[in-house]
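In my numbering, the protein residues as written are -18 to 1159. Beta carbons are placed, not taken as given, at the ideal position from N, Cα and C, and that holds for glycine.
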């Protein structure tokens, strides 16, 4: 045993030596040694499993050569063209991980990239745990410490993992570009390859020649041992060897660390040429001593199961060769650390690029636009990924590796990454493979791998019940180690065959079933029909072989092709090295090298896109240069249109007088014009395609383009505006005292266009205008004063007009009202007298009185219409829109017109509704009042209907009649002012023709559509559409008044009016109806006349003497009697203010002149509400 501290110091010194080597390699490395460094770097294939596990594997199976190494040797010797092709395509497509490579083959599929990354983590983390286990247990074995620490934080393995993480971070994540060569790191890895080979050979020589007497002695002794003899001579499972060899061959290009070493670290053709013989030779030397070391350990030492796994270390320890034992430990440490370092770098690149970074961008967990140095952020993300990978591996080591030997874990990971082989290899030879096939194939393969190999491992670790080994639901044909009843195979062989078979089968079937996308077809052509591989292993300066390319391509052919799409300056720059040094002209007849062809294709792809560029170069190489005219026809629908559109866009941008800059949705520059470039004097290194917006804003801010302020603050402010994607305009004065208007507009696809307009000229004009305005300010003030005076005069004139209309209406209506009341009373008394005694003279008096009443009604109608039309013309009427219950205006209307219709011998029908509407109740009532009045007037017999129905989300109120109807020729004119129906029947009342004109104007004021339909001789219908209330208003207790025409009662009616004639007329008319009537000119006079009695109903005029209103009188009486008496307010004041006051008091309004039937109807209604009537009912 060796002291643990001494071993620790040696380990730290060795890792320190690796640090020095890596530092030296980063600073200076001879290109002459690069091919050998590259070849030795591939030896990370030989891990701690190779150093320890293959020895135990060889004596258990009797293998002369480890099958995984045999498979790798065969691939490098016979299948090197496959490796060359993978490297060539990867370099051309700029892929730097196995996930990126496979995803690129299938149309740059993000899904495939994520799948390969996740599956790599699942498959390789156990393999990294294997290395940690190998290094840790070898340390414990050589130092004699406990096999496993009690706690994770006391386990020395965590120190080893930490050192590996630090080394990987320091030398594997220095640069952002994942395709950048890690010269220092690879030099250190190649040094480790030499150390582990030297250590392994020393132990093999010591075992063969110092412990035994040579190789023949070892052979004869092994053949003399019964068990070893059986293992060496009676091996009956060649399938196991072949499957393991296949896994080893696939691992050379499918393992992420091998792909990184072979592809990313590739620098030139000499690398692969040297690796073709040096790497197989390295594996051969390693294999020479695997079986002998195992045989010597079995023959000469009594080992336990744990020691058998580490025979390479145990043999010198058991022989007390401490120096050799230390060398063996260092060799195992080299094997483990080299694999872990490169694997963690490869996995971290996939984890950060394919999973973490897209997740951060899409979820917006981190505001990337606020990070000034995104490159450093990505580097830190990769360093975090390295730490995460090693942390996962450490916990896997703690949880599961105690249940597995080294060889089992290694093969488990090899089979996992072997699932990448079908989509990778078939994707290189079959154009029909597509994205869906690759996805479903890998899912099938990994599912079988997990079921057949991982589930038994979890059962062994007691994480799953043992019943899993018998298959789900005890179905024997679904046993993990005997699918479909195929038993007896090695578990690794069984899982490998089934997973690869189903992976390939599903890949082929799915690819045939699902249709290829354009991206699949385009990438398939690149991968399946790639250029000659000889370019990879020969000097790049040599021309392309005519046998492979059809004909020799000249520089003149290349230039002719490029001139069709590229400007001359770029072409001259590309072909500058091929010009005649004397004349300066291009040597057209010179052959084009592969460098020129590759550069030309890249230049074309920047204009036409990669697919078209590749196809053009291929046709040129195949001798079809003369067929470009037909090829252009093919490009018309795709590339020529694009090229034309770009030219049009470029011309349009250049022709604009403003500076223009367009950013894509990632805030990168995609277009600009020369005006913008000159405006802020952009250098070519600052303004270019793909330049970040932050860079552009910073340059403008430094030039003072955004005014004064801290540059960083201005940059942050402008970037925030771009992020909001809103229209924004600002004007700034630059250092040249010129004003620039900057207008930012978002575009539909997420781009942002910003225009920069020189508005200096406009600003000067604004200054001149401002000065001119200052001079004119005094004149404007004078004119303003004059206008104010005129305005005041207009207001006074308008107020005078309003007061005149109100006064005229009141003064004219008062005598008409008293005359109307007397006429109604006279008719009622004459009618009663005629009923008791028939008298011819009385009948004539009734006719005369009726004619007088109709004349008064006509006068009242004409007056009210004239007043109302004048108010509408003067814009005095203002609507008060609110939500109210429709029945609130319907019930009073029915009460008012029922008796009027009955008196004329008509039937009035109506429909009740509890719906609420959105309108002005006062103006709507006026509209319906006019329509009902017209319907009754022009209906000689029959009936009138006031209907309600729902219509297209509104309420439609209709007034139907069975009257004379309206001729179709007059329908368009009935709403005109002073238009009257041309009717020969003189029995109908004549008006001024303003009623329907008022209706139409009120409907327009309320925005209620009105229409009319009519059939002459049959009747008419007027319809008004009114919106429903959004919310249900509080329902009012509206009681339809009694419509009994005769009601003999002893009810007491009190009337207050300052006009004596109106009082007398009211008393005469109401007393004729059988009521007791008390009249007075004021509230005080009424109280005295009532002599303590309380009336059932009050009828009060609004305007009383001494500037007192009827509302004030009502409040005085209510306060005296301590009850609210039903009250009706009559007035000749038609102003809106009066109507609102009466409505607010909750009283009923009747306008003068009062119609007898309307008065009687409302009186009957109010009697029912009298407190005295309620007591009688009780």
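Minimum C-alpha distance to residue 1004 - residue among 43, 936, 282, 634: Within the chain shown, numbered from 1, the residue matching residue 1004 stands at position 1023. When each option's Cα is compared against that of residue 1004, the closest is 936.
Selected residue, minimal CA-CA separation from residue 231, among 79, 245, 476, 56: Working through the chain shown from its first residue, we reach residue 231 at position 250. Residue 231 has its Cα closest to that of 56, out of 79, 245, 476, 56.
Test: residue 573 CB closer than 9 Å to a CB of chain C: No chain C appears in this structure, which consists of one protein chain only.
Status (buried if at least 16 other CB within 10 Å, exposed otherwise) for residue 433: Locating residue 433 in the chain shown gives position 452, where the first residue counts as 1. It counts as buried.
Enclosing beta strand (DSSP E) for residue 935 [first to last residue]: Numbered from its first residue, the chain shown carries residue 935 at position 954. For residue 935, the uninterrupted beta strand (DSSP E) run begins and ends at 935 to 942, by DSSP.
Limits of the unbroken beta strand (DSSP E) element including residue 1109: Position 1128 of the chain shown, counted from the start, is the residue given in the question as residue 1109. Residue 1109 -> beta strand (DSSP E) spans 1108 to 1112.
Test item: CB-CB of residue 987 and residue 901 under 9 Å: Translated into positions along the chain shown, residue 987 becomes position 1006. Translated into positions along the chain shown, residue 901 becomes position 920. Taking 9 Å as the Cβ cut-off, residue 987 and residue 901 qualify as a contacting pair.
Counted within 10 angstroms of its Cβ, other Cβ atoms place residue 114 as buried (16 or more) or exposed: Here residue 114 corresponds to residue number 133 of the chain shown, with the count starting at 1. By the 10 Å Cβ count, residue 114 comes out buried.
Beta-bridge partners of residue 673, as assigned by DSSP: For the purposes of this step, residue 673 is identified with residue 692 of the chain shown, where counting begins at 1. Paired residue(s): 649.
Buried versus exposed, by CB contacts within 10 Å (16 or more), residue 329: For the purposes of this step, residue 329 is taken as the residue at position 348 of the chain shown. Residue 329 comes out buried.
Enclosing beta strand (DSSP E) for residue 891 [first to last residue]: Residue mapping note: residue 891 aligns to position 910 of the chain shown, counting from 1. From DSSP, the beta strand (DSSP E) with residue 891 extends over 888 to 891.
For residue 94, the three-state DSSP class (helix, strand or coil): Mapped onto the chain shown, residue 94 falls at position 113. In this structure, residue 94 counts as helix in the three-state DSSP scheme.
Cβ-based neighbour list, residue 911, same chain, cut-off 8 Å, excluding 5 preceding and 5 following: Reading the chain shown from its first residue, position 930 is the one you call residue 911. The residues are 976, 977, 979, 980.
Close Cβ partners of residue 741 (< 7 Å) along its chain, the five nearest in sequence each way excluded: Reading the chain shown from its first residue, position 760 is the one you call residue 741. So the qualifying residues of the chain are 719, 720.
Continuous alpha helix (DSSP H) stretch holding residue 212: start and end: Here residue 212 refers to the residue found at position 231 when the chain shown is read from its first residue. Residue 212 -> alpha helix (DSSP H) spans 207 to 214.
CA-to-CA distance, residue 1066 to residue 766, given in whole angstroms: Taking the chain shown and counting its residues from 1, the one referred to as residue 766 is at position 785. Taking the chain shown and counting its residues from 1, the one referred to as residue 1066 is at position 1085. Each residue's Cα considered, the two are about 53 Å apart.
Residue from 29, 4, 255 with nearest C-alpha to residue 14: As a first step, residue 14 must be located in the chain shown, where it is residue number 33. Measuring from the Cα of residue 14, the nearest candidate turns out to be 255.
Buried versus exposed call for residue 682 [16 or more other C-beta atoms within 10 Å across all chains shown]: Here residue 682 is taken as the residue at index 701 of the chain shown, counted from 1. Buried is the call here.
3-residue-minimum beta strand (DSSP E) runs that sit fully inside the region 250 to 279, ordered along the chain: none
Under 9 Å between C-beta atoms of residue 316 and residue 294: The sequence position of residue 316 within the chain shown is 335, counting from 1. The sequence position of residue 294 within the chain shown is 313, counting from 1. Cβ atoms of residue 316 and residue 294: not closer than 9 Å.
Beta carbon of residue 1212 nearer than 9 Å to that of residue 648: Residue numbering for the chain in the displayed model covers -18 to 1159; residue 1212 lies beyond these limits and cannot be assessed.
Neighbour-count burial assignment, residue 38, 16 or more Cβ in a 10 Å radius: Numbered from 1 along the chain shown, position 57 holds the residue referred to as residue 38. Counting Cβ neighbours within 10 Å, residue 38 comes out buried, since at least 16 surround it.
Secondary structure of residue 1011, DSSP reduced to three states: To locate residue 1011, count along the chain shown from 1; it is residue 1030. Looking at residue 1011 - three-state DSSP - the assignment turns out to be coil, as it is neither helix nor strand.
Residue 1038 classed as buried or exposed, judged by whether at least 16 other C-beta atoms fall within 10 angstroms: What you label residue 1038 is simply residue 1057 of the chain shown in a count that begins at 1. Residue 1038 is buried by the Cβ-count criterion.
Cβ pair count under 8 Å reaching 3, the region 233 to 241 against the region -1 to 7: no
Nearest residue (CA-CA) to residue 91, options 148, 58, 339: Indexing the chain shown from 1 puts residue 91 at position 110. Considering only alpha carbons, the answer is 339.
Residue interval of the alpha helix (DSSP H) (run including residue 729): Numbered from 1 along the chain shown, position 748 holds the residue referred to as residue 729. Premise fails: residue 729 is in no alpha helix (DSSP H) and is neither H nor E.
Residue burial classification, residue 484 (beta-carbon count within 10 angstroms, cutoff 16): Within the chain shown, the letter at position 503 stands for residue 484. By the 10 Å Cβ count, residue 484 comes out buried.
Residue 443 - partner residues in DSSP beta bridges: The count along the chain shown starts at 1 and reaches residue 443 at position 462. Note: residue 443 sits in no beta bridge, so no partner.
Beta-carbon separation (whole angstroms), residue 398 vs residue 235, contact threshold 8 Å: Here residue 398 refers to the residue found at position 417 when the chain shown is read from its first residue. Here residue 235 refers to the residue found at position 254 when the chain shown is read from its first residue. Yes, they are in contact, since the Cβ atoms of residue 398 and residue 235 sit about 5 Å apart, within 8 Å.
CB-CB length for residue 675 against residue 700, believed under 8 Å: Locating residue 675 in the chain shown gives position 694, counting from the first residue. Locating residue 700 in the chain shown gives position 719, counting from the first residue. Indeed, because the Cβ distance is near 6 Å, the residues count as touching under 8 Å.
Cα-Cα separation, residue 265 to residue 392: Here residue 265 refers to the residue found at position 284 of the chain shown. Here residue 392 refers to the residue found at position 411 of the chain shown. For residue 265 and residue 392, the distance between alpha carbons rounds to 20 Å.
Distance between residue 403 and residue 520 (C-alpha atoms, nearest Å): Residue mapping note: residue 520 aligns to position 539 of the chain shown, counting from 1. Residue mapping note: residue 403 aligns to position 422 of the chain shown, counting from 1. Caution applies to residue 520, whose pLDDT of 38 falls short of 50 and renders its modelled position unreliable; the value that the coordinates give is listed next. Those two C-alpha atoms are separated by around 32 Å.
Range covered by the alpha helix (DSSP H) that runs through residue 982: In the chain shown, counting from the first residue as 1, residue 982 sits at position 1001. Start and end: 976 to 987.
Residue 291 versus residue 123 - alpha carbon distance: Locating residue 291 in the chain shown gives position 310, counting from the first residue. Locating residue 123 in the chain shown gives position 142, counting from the first residue. For residue 291 and residue 123, the distance between alpha carbons rounds to 10 Å.
Reduced DSSP secondary structure (H/G/I, E/B, other) of residue 643: Your numbering for residue 643 matches position 662 in the chain shown. Note: residue 643 maps to strand in three-state DSSP.
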